[in-house]
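Those sequence lines, one after another, are chains A and B. Just so we're aligned, residue 1 is where the first sequence starts under this note's numbering, counting upward by one. Just so we're aligned, residue 404 is where the second sequence starts under this note's numbering, counting upward by one. Just so you know, even glycine gets a beta-carbon here, dropped at the ideal spot from N, CA and C. Since this is a predicted model, take the numbers as computed values, not measurements. Reviewing the structure listed below.
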Amino acid sequence: MIAVSPAADSILERLPVILRDGFAGLFPQPLRWLAGSLLAIVAILAVFGLLFAFLTLAERKVLGRVQNRPGPNRTGPAGLFQPFADGIKMLTKEDIVPFVADRVLHFLAPVVLVAFSLLAFAVIPYGRRLVAVDLDSAVLFFFAAGAGNELAVFMAGWSSHNKYSLLAAMRALAQLISYELPLLLSVVPVVMLAGTLSATGIVAAQGGWTAGLVPHWFVLTPCGLAGFAIFIIAALAESNRSPFDLPEAESELIAGHLTEYSGFKYALFFMAEYFGMTALCGMGVTLFLGGWQAPCAFLQFIPSWVWFAVKLLALLLGCIWVRATFPRLRIDQLTRLAWKFLVPLALLNLLAAALWHLTAGWSGALQPVRWALALALVAGPFVLLGRRLSAGLAPRTYRYASS
Amino acid sequence: MLGSGLIKGLAVTAKNLAGSFHDPARFVTTEYPEVKTRLPENYRNFPFLVSENADDPMGTLRCVACQICEKECPPQCIYIEKSKDKKPDAAGKMQLYPAVFDIDISVCMSCQICVEVCPFDAIKMDQVFEIATPDRFQPLLLDRHQLAKPNGYFHEIHPTEAAEVDARLAAERKAAEEKARAAAAAKAAAPSAPATGTAAAPKPAPAPTPGPAAPGGGSAGTPKPPPAT
Chain A
1 MIAVSPAADS
11 ILERLPVILR
21 DGFAGLFPQP
31 LRWLAGSLLA
41 IVAILAVFGL
51 LFAFLTLAER
61 KVLGRVQNRP
71 GPNRTGPAGL
81 FQPFADGIKM
91 LTKEDIVPFV
101 ADRVLHFLAP
111 VVLVAFSLLA
121 FAVIPYGRRL
131 VAVDLDSAVL
141 FFFAAGAGNE
151 LAVFMAGWSS
161 HNKYSLLAAM
171 RALAQLISYE
181 LPLLLSVVPV
191 VMLAGTLSAT
201 GIVAAQGGWT
211 AGLVPHWFVL
221 TPCGLAGFAI
231 FIIAALAESN
241 RSPFDLPEAE
251 SELIAGHLTE
261 YSGFKYALFF
271 MAEYFGMTAL
281 CGMGVTLFLG
291 GWQAPCAFLQ
301 FIPSWVWFAV
311 KLLALLLGCI
321 WVRATFPRLR
331 IDQLTRLAWK
341 FLVPLALLNL
351 LAAALWHLTA
361 GWSGALQPVR
371 WALALALVAG
381 PFVLLGRRLS
391 AGLAPRTYRY
401 ASS
Chain B
404 MLGSGLIKGL
414 AVTAKNLAGS
424 FHDPARFVTT
434 EYPEVKTRLP
444 ENYRNFPFLV
454 SENADDPMGT
464 LRCVACQICE
474 KECPPQCIYI
484 EKSKDKKPDA
494 AGKMQLYPAV
504 FDIDISVCMS
514 CQICVEVCPF
524 DAIKMDQVFE
534 IATPDRFQPL
544 LLDRHQLAKP
554 NGYFHEIHPT
564 EAAEVDARLA
574 AERKAAEEKA
584 RAAAAAKAAA
594 PSAPATGTAA
604 APKPAPAPTP
614 GPAAPGGGSA
624 GTPKPPPAT
């Protein structure tokens, strides 16, 4: 569809497709599509499974470093085998099902959770030619599949027949449904600007560079920047990541909906959390950070899937950094942040997106006017709402009992 | 503005993350089996027997098998058998020595009473803590060969206390020598001046009487005389 420069079409760029076609070529013609799809599934499972494993290690390492200790470093060179040791430990642990639990739901919950988390990986374009299913409404599919997680979390809480599990599951539902709204609203400007719901179309719309240096990513527009910020906050909440990890607030709810889970089922929940985070970060890269597009024209010789991986890893490290920094929110602060701050901002951001879309033809002297208007539409509500929200809360003063 | 505190917090963690790579002094932990932190001087857990000479630990034990510690030990974890013969002790006097000295450290409660009652500074508290064994019985019953550790080791783990003990022992030794000299002089000069000899030695600490009834009625538990100053 778009002209590809020869530098951007090296053998490395085409390597995954060549491998897939080579593998599919081993089968007779009627089965080739099936072989190709199965290979894509296996590749996603293998790559993201390994990414999950090493992400847990990276998280522990980074958290350790932030707290001025070395992190796990005993298993294998520099602790690199730690994830496998953890996996073996999880596999060999006893799987306990409470006597009064709903056995079927209790078993299904982790399975459903992982399945829904994995579905989301199908529609993300990992490279110029690397997308498992190129749906026309990929963004819609992505968020619909992500919404299934809420069902699984409540299944886990309900079936455990444990008050902590149930309370945590109800909290999780409140949180996930609250944050679904800003998450979706933050994506709308991108869809408006790109004019398509297809993930590959959105990435293609971010192609090209100004003067060969400044990419046309949506994050570099005022409404895209605001959308990206809201998206990341909502994504952290959606994937139950700190500082929004209330459903598993161990100081209040033991382990939340995971209380009655042990062994490999617990590992599956853990895996689903990381899959969800990875998928949301992948979608964030696709929507706002130009997907697999290189940041500069002369960097196109690096394969597109490497660029996607670099951006994805950067976002994931950002999530770990956030976890290392912020304490957990209270449930009322959590919902207030969503309903009183993020949702209004995301709605107003639609205005900025509309302005940006309608003024696409402005040029010359009108260009700074366009930027000023859009920035005012984004920054103004942020400052006003922020002042309103934190009125009387900060700076905090302390009064001591004596002296 | 809203969010500035968040940025400040992120800067702090980023500084720590970067700092931990180039500044090892930031680390709050040590990698235990390879690197050991220096224990505080006052840390103590189980008793050991002080010997004067590392080359001949059994021959130079300060212990004279007086059995005060055995009798005072609240959980009764010390077992001593006296020797039949005598050997010269640190001060050069003929003393008994322990033929058997066992401490069951699975029973020991680390109360340090044995150390406080010992009139000879022969038993002191150790700092070894890596004593895990797969067997509850034999490896935790320490005999005198395992318990004996040289005075140099005592100086290493409790330098202040060891210096004080050494000074006191040296003073006692000196006092004993002077007394012996005075006694010899008195014997040589016949009954001329017996009073000067006793005045020179303030208190004849380990009196010529050998065995358990050691230093001039210094009852169990009382602090030792202060180091000669």
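Mind listing the chain A neighbours of residue i? Cutoff is C-beta to C-beta under 8 Å, in chain order.
| i | result |
| --- | --- |
| T416/B | V66, W321, A324, T325 |
| R429/B | N68 |
What does residue i touch in chain B if you count any residue whose Cβ is under 9 Å from its own?
| i | result |
| --- | --- |
| R32/A | By Cβ distance, chain B contributes nothing, its closest Cβ being about 48 Å from R32/A, past 9 Å. |
| I386/A | As written in the sequence, residue 386/A is Gly, which differs from the Ile given in the question. Chain B residues near G386/A: M404, L405, G406. |
Can you tell me whether residue i is buried or exposed, with buried defined as 16 or more other CB within 10 angstroms of its CB?
| i | result |
| --- | --- |
| Q175/A | buried |
| T259/A | buried |
| G256/A | buried |
| G408/B | exposed |
| I526/B | buried |
| G127/A | buried |
| M635/B | Past the boundaries of the shown model lies residue 635/B; chain B is included only from 404 to 632, so the question cannot be answered. |
| F341/A | buried |
| Y179/A | buried |
| Y400/A | exposed |
| G160/A | In the sequence as displayed, the identity of residue 160/A is Ser instead of Gly. That one is buried. |
| N162/A | buried |
| A199/A | buried |
| W33/A | exposed |
From what residue to what residue does the beta strand (DSSP E) around residue i run?
| i | result |
| --- | --- |
| E484/B | 481-485 |
| A502/B | 501-507 |
| P83/A | Segment 82-92 is the alpha helix (DSSP H) holding P83/A; no beta strand (DSSP E) there. |
| S454/B | 450-454 |
| P512/B | A quick correction: the sequence has Met, not Pro, at residue 512/B. First-last for M512/B: undefined, no H or E at that position. |
| K527/B | 526-528 |
The alpha helix (DSSP H) that contains residue i, what's its start and end?
| i | result |
| --- | --- |
| D21/A | 11-24 |
| E186/A | At residue 186/A the sequence reads Ser, which differs from the Glu that was named. Note, S186/A: alpha helix (DSSP H), 163-194. |
| I516/B | 516-520 |
| I233/A | 222-238 |
| L151/A | 138-159 |
| S423/B | 407-425 |
| K474/B | 471-475 |
Which chain B residues sit within Cβ distance under 7 Å of residue i?
| i | result |
| --- | --- |
| G207/A | Ordered by position in chain B, no residue passes the 7 Å Cβ test against G207/A, which lies about 31 Å from the chain. |
| V383/A | M404 |
| S390/A | L405 |
So what does DSSP say about residue i, is it helix, strand or coil?
| i | result |
| --- | --- |
| K552/B | strand |
| D459/B | coil |
| K496/B | coil |
| L544/B | strand |
| V214/A | strand |
| W292/A | coil |
| P327/A | coil |
| P30/A | helix |
| W362/A | coil |
| L197/A | coil |
| L464/B | strand |
| D569/B | helix |
| P110/A | helix |
| P125/A | coil |
| P491/B | strand |
Check the Cβ of residue i against every Cβ in chain D and list those closer than 7 Å, keeping chain order.
| i | result |
| --- | --- |
| L413/B | The displayed structure is made up of protein chains A and B, and chain D is not among them. |
Report the neighbours of residue i on chain B: residues whose CB is nearer than 8 Å to its CB, in chain order.
| i | result |
| --- | --- |
| V62/A | L420 |
Note down, in chain order, every chain A residue with its Cβ under 7 Å from the Cβ of residue i.
| i | result |
| --- | --- |
| T432/B | R69 |
| S423/B | R65, N68 |
Please confirm whether any heavy atom of the ligand MG lies closer than 6 Å to the CB of residue i.
| i | result |
| --- | --- |
| K489/B | Looking for the ligand MG in the displayed structure turns up nothing, as the structure carries no ligands at all. |
Legend entry - Three-pair Cβ contact test at 8 Å for the segment 210-220 of chain A versus the segment 143-150 of chain A: no
Inset, instruction - May I ask you to verify whether the segment 230-247 of chain A touches the segment 322-334 of chain A, counting CB pairs closer than 8 Å and requiring at least 3? - result: yes
Legend entry - Three CB pairs or more closer than 8 Å across the segment 537-553 of chain B and the segment 448-461 of chain B: yes
Inset, instruction - State whether the segment 553-562 of chain B contacts the segment 508-518 of chain B, with contact taken as three or more CB pairs (one from each stretch) at a distance under 8 Å. - result: no
Legend entry - Contact between the segment 339-359 of chain A and the segment 375-382 of chain A (3+ Cβ pairs under 8 Å): yes
Inset, instruction - Indicate whether the contact test is met: 3 or more Cβ pairs, each with one atom in the segment 88-97 of chain A and one in the segment 259-268 of chain A, closer than 8 Å. - result: yes
Inset, instruction - Decide yes or no for the touch test of the segment 219-238 of chain A against the segment 298-309 of chain A: beta carbon pairs closer than 8 Å, at least 3 of them. - result: no
Legend entry - Sufficient close CB pairs (3 or more, under 8 Å) joining the segment 513-530 of chain B to the segment 440-455 of chain B: yes
Inset, instruction - Say whether the segment 133-142 of chain A touches the segment 312-324 of chain A, bearing in mind that this needs 3 or more beta-carbon pairs closer than 8 Å, one atom from each stretch. - result: no
Legend entry - Cβ contact (3+ pairs, closer than 8 Å) linking the segment 61-81 of chain A and the segment 419-426 of chain B: yes
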